[in-house]
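Q: Note that the working numbering numbers the sequence shown so that position 218 is 727, with each residue one more than the last. Heads up, the beta-carbon is just placed ideally off N, CA and C, and yes, glycines get one too.
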Amino acid sequence: MRAGGTLWIVPPARAVWAPAGIEHEIRALGDFAMRTLYFPVAMTTGLPGECCALEVPPLLRELVLELVERCPVDDADEPGMRLAEVAIDRIAEARTLPLQLPLPHDPRALRLADMLRNDPSSQADLAELARSAGLQLGARGGIAVDPGCRTSDPDIYAIGECACLDGRVHGLVAPGYAMAEVVADRLLGGSATFPGADTSTKLKLLGVDVASFGDAHARTEGALEVVFKDAVAGWGGAPSKNSRRLAMSFATGTRMAESRLPSRSQLA
Ligand SMILES: Cc1cc2nc3c(=O)[nH]c(=O)nc-3n(C[C@H](O)[C@H](O)[C@H](O)COP(=O)(O)OP(=O)(O)OC[C@H]3O[C@@H](n4cnc5c(N)ncnc54)[C@H](O)[C@@H]3O)c2cc1C
């Protein structure tokens with residue numbers, strides 16, 4: 510149910526109370542059954558002045574069903590009026606539930622919220638949703654951002670794996686955190702810019718630092734793979750928190766940290 514700038518998702522055995530005069534809209538996805546009771550305003554003075562979602566305990570449920578069955582209930586139906594009074598007492602005491610979703614004010618964000626409301630099972634990823642809202646995407650996906658993590662809409666920032674800076678989407682947590690810091694600074698009036706990121710990271714679950722450099726995928730013909738095992742620290746199969754493993758492949762002729770690396774003959 511939508512009323513004003515708020516949307517209520519109302520599962521079974523729940524209800525929404527709407528005071529008189531509140532313009533509202535009810536939408537259902539699929540088959541459903543609902544009951545609506547209208548009370549004279551004079552009877553509802555003790556009820557909330559604003560819309561709210563309510564739990565419907567068994568007694569209230571039965572009262573609702575009975576009143577709907579008897580409708581119309583008026584002064585000529587004294588037992589019915591007594592039931593209505595008890596129902597109002599029960600509504601006044603019913604537990605309110607946090608089922609409301611405030612809707613955005615921005616018309617583009619509202620359009621997006623409506624899209625998701627109409628198709629909650631939508632598989633659209635964040636970039637697709639961003640495009641629907643009018644944001645520019647990078648050439649290879651991701652929401653295009655400037656070095657300040659600002660999207661094509663100056664009021665919207667994007668960070669982490671959904672952001673594309675200079676045509677690149679960073680697929681690690683560290684760049685996402687760095688972007689979050691940039692946005693925090695920007696929101697506080699600063700002018701921070703994303704410092705860039707390399708491909709080193711910490712394996713989240715193992716807490717092990719990893720990095721790749723050189724011809725990291727050993728695609729060059731004749732590339733060698735060098736594995737450094739820290740036996741003293743106890744590495745013996747799976748990296749542990751205190752171990753260091755250096756695995757690198759490099760193209761023949763690569764002059765990278767040669768003094769620390771074994772020679773080709775040692776490797777052979
Ligand atoms: C198996 C695996 C292992 C990884 N290991 C490492 C690692 O060891 N180290 C490392 O640095 N990085 C690792 N990564 C990458 C890292 O997890 C991501 O780079 C990082 O989580 C990105 O953070 P994010 O907040 O941008 O996106 P996410 O963590 O993906 O968060 C995006 C959130 O948005 C939600 N979402 C998506 N679409 C919608 C939608 N339409 N509506 C509402 N919500 C939506 C998602 O459910 C998700 O909760 C790994 C990734 C995977 C898949």
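Rounded to whole angstroms, what is the Cα-Cα separation between tyrosine 686 and leucine 674?
A: Reading the sequence shown from its first residue, position 177 is the one you call residue 686. Reading the sequence shown from its first residue, position 165 is the one you call residue 674. Going from the Cα of tyrosine 686 to the Cα of leucine 674 covers about 15 Å.
Q: Could you tell me whether the segment 620-638 touches the segment 540-554, using the rule of 3 or more Cβ pairs below 8 Å?
A: Contact between the segment 620-638 and the segment 540-554 is absent, because fewer than three Cβ pairs lie under 8 Å.
Q: Quick check on proline 684: buried or exposed, where buried means 16 or more other Cβ atoms within 10 Å of its Cβ?
A: Mapped onto the sequence shown, residue 684 falls at position 175. That one is buried.
Q: Can we say the segment 643-657 touches the segment 592-607, given the rule of at least three CB pairs closer than 8 Å?
A: Short answer: they don't touch.
Q: Grab the span of the alpha helix (DSSP H) containing arginine 599 for me, first residue to last.
A: In the sequence shown, the residue the question calls residue 599 occupies position 90. Run containing arginine 599: 587-602, per the alpha helix (DSSP H) assignment.
Q: Rounded to whole angstroms, what's the CA-CA distance from alanine 727 to alanine 706? Just pull it up for me.
A: Taking the sequence shown and counting its residues from 1, the one referred to as residue 727 is at position 218. Taking the sequence shown and counting its residues from 1, the one referred to as residue 706 is at position 197. Whole-angstrom Cα-Cα distance: 22 Å.
Q: Distance check for methionine 688 and alanine 639, CA to CA, integer angstroms please.
A: As a working mapping, residue 639 is identified with position 130 in the sequence shown. As a working mapping, residue 688 is identified with position 179 in the sequence shown. One C-alpha to the other measures close to 18 Å.
Q: Quick test of the definition: if touching needs 3 or more C-beta pairs under 8 Å, does the segment 612-625 touch the segment 526-540?
A: No, the segment 612-625 is not in contact with the segment 526-540.
Q: Can you find the residues in the same chain that come closer than 7 Å, C-beta to C-beta, to proline 653, ignoring five residues on each side of it along the sequence?
A: If you number the sequence shown from 1, residue 653 lands on position 144. Residue identity check: residue 653 is alanine in the sequence provided, not proline. For alanine 653, where only same-chain residues beyond five positions count, the Cβ hits under 7 Å are Gln645, Leu646, Gly647, Thr660, Ser661, Cys673.
Q: Around ligand 1, what residues have a beta-carbon under 5 Å from a heavy atom of it, in chain order?
A: Those residues, listed in chain order, are Leu635, Gly669, Glu670, Gly680, Leu681, Val682, Gly685, Thr710, Leu712, Lys713.
Q: Can you give me the Cβ contacts of arginine 579 inside the same chain, cut-off strictly under 6 Å, excluding the 5 residues immediately before and after it?
A: Counting from one through the sequence shown, the residue named residue 579 turns up at place 70. Excluding positions up to five away in sequence, the list reads Gly589.
Q: Roughly how many whole angstroms lie between the Cα atoms of valine 691 and glycine 698?
A: Along the sequence shown, read from residue 1 onward, the residue named residue 691 stands at position 182. Along the sequence shown, read from residue 1 onward, the residue named residue 698 stands at position 189. Rounded to whole angstroms, valine 691 to glycine 698 spans 11 Å at the Cα level.
Q: Looking at glycine 657 and arginine 626, is the spacing between their C-beta atoms short of 7 Å?
A: Translated into the one-based positions of the sequence shown, residue 626 becomes position 117. Translated into the one-based positions of the sequence shown, residue 657 becomes position 148. Going by C-beta atoms, arginine 626 is not nearer than 7 Å to glycine 657.
Q: Helix, strand or coil for alanine 727 per DSSP?
A: As a first step, residue 727 must be located in the sequence shown, where it is residue number 218. Residue state, collapsed to three classes: coil.
Q: Given that a residue counts as buried once 16 or more other Cβ atoms are within 10 Å of its Cβ, and exposed if not, what is glycine 746?
A: Counted from its first residue, the sequence shown places residue 746 at position 237. Its pLDDT being 44, under 50, glycine 746 is placed unreliably in this model, and the value from its coordinates should be taken loosely. Per the 10 Å Cβ criterion, exposed.
Q: Of all the options Pro704, Ala537, Thr515, which has the alpha carbon lying nearest to the alpha carbon of proline 521?
A: Working through the sequence shown from its first residue, we reach residue 521 at position 12. Per the Cα distances, Ala537.
Q: Are the CB atoms of alanine 562 and leucine 608 nearer to each other than 7 Å?
A: Sequence index remark: in the sequence shown, residue 562 carries index 53 (1-based). Sequence index remark: in the sequence shown, residue 608 carries index 99 (1-based). The answer is yes: Cβ separation under 7 Å.
Q: Between leucine 576 and leucine 592, is the Cβ-Cβ spacing less than 7 Å?
A: For the purposes of this step, residue 576 is taken as residue 67 along the sequence shown, with counting starting at 1. For the purposes of this step, residue 592 is taken as residue 83 along the sequence shown, with counting starting at 1. The answer is yes: Cβ separation under 7 Å.
Q: Skipping 5 residues on each side, what residues in its chain have a beta carbon closer than 7 Å to that of serine 641?
A: Counted from its first residue, the sequence shown places residue 641 at position 132. Cβ within range, chain order: Leu621, Met624.
Q: Can you give me the C-alpha to C-alpha distance between phenylalanine 548 and tryptophan 526, rounded to a whole angstrom?
A: Counted from its first residue, the sequence shown places residue 548 at position 39. Counted from its first residue, the sequence shown places residue 526 at position 17. Cα to Cα, phenylalanine 548 sits roughly 11 Å from tryptophan 526.
Q: Could you tell me the alpha carbon to alpha carbon distance between isoleucine 518 and aspartate 718, rounded to whole angstroms?
A: Locating residue 518 in the sequence shown gives position 9, counting from the first residue. Locating residue 718 in the sequence shown gives position 209, counting from the first residue. Computed Cα separation, rounded: 44 Å.
Q: Using only the alpha-carbon positions, how far apart do methionine 510 and isoleucine 535 sit?
A: Taking the first residue of the sequence shown as position 1, residue 510 is located at position 1. Taking the first residue of the sequence shown as position 1, residue 535 is located at position 26. Near 4 Å, if we compare the C-alpha coordinates of isoleucine 535 and methionine 510.
Q: In its own chain, which residues sit with a C-beta less than 7 Å from the C-beta of isoleucine 668, not counting the 5 before and 5 after it?
A: For this step, residue 668 is matched to residue 159 along the sequence shown. Cβ within range, chain order: Cys658, Gly685, Met688, Ala689, Val692.
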